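Comments concern the structure below.
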C-alpha cells in the first residue's frame, strides 16, 4: 500500500504523539523501556517525514524545471527587447541629427551629436 506525502506526515504526527505519551519519567525498568519506545517511535516518525519530503520533492521537480526553463526563455526575450529598444533609440538619434542638419539648426547639432555618442557608449 502506497501512502501520499500528506498521509506520511499524518502517520509521523501520530507516532510523535504516541512517543510524547510514553511514561519516560517512570522509575526503574519501566521508565527505561518507555524511553526506548519513545526513541524508536520518534525515529520512525522522522523517517516518515523524510519519506514525505522526498515525495514532495519528486512532485515538484518537473514543475520547477518548467519554471526554470520558462524564466530562462523570458530573460533571453527581455535581452532581445532591450537590444531592439537600444537600436530604435540610436536610429531616432540619427534621424534627429539628420533633421537638425536639414533644418539648418546649427546650434542644435552639437547637443544632438553628444546625445548620439552617449547612447552609443551605453549600448
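In the working numbering, the protein residues as written are 850 to 972.
In this text, a Cβ means the ideal position worked out from N, Cα and C, and glycines have one as well.
Only a predicted model underlies this, so the values are computations on that prediction, with no experimental measurement involved.
Does DSSP put residue i in a helix, a strand or coil?
i           : result
residue 876 : coil
residue 890 : helix
residue 996 : Because the chain is modelled from 850 through 972, residue 996 falls outside the range shown and cannot be assessed.
residue 921 : helix
residue 871 : coil
Thinking C-beta only, is residue j closer than 8 Å to residue i?
i           : j           : result
residue 875 : residue 868 : no
residue 945 : residue 961 : yes
residue 938 : residue 968 : yes
residue 864 : residue 890 : yes
residue 854 : residue 901 : yes
residue 943 : residue 957 : no
Taking just the CA atoms, how far does residue j sit from residue i?
i           : j           : result
residue 934 : residue 858 : 52 Å
residue 899 : residue 970 : 55 Å
residue 910 : residue 921 : 17 Å
residue 887 : residue 856 : 21 Å
residue 932 : residue 963 : 21 Å
residue 906 : residue 941 : 51 Å
If you follow the alpha helix (DSSP H) that residue i is part of, which residue opens it and which one closes it?
i           : result
residue 966 : 958-971
residue 952 : Looking at the DSSP string, residue 952 is not in any alpha helix (DSSP H), and its letter there is neither H nor E.
Next on the checklist: Closer than 8 Å is the cut-off here; do at least three beta carbon pairs connect the segment 890-901 with the segment 925-941?
Outcome noted: By the Cβ test, the segment 890-901 is not in contact with the segment 925-941, since fewer than three Cβ pairs between them sit closer than 8 Å.
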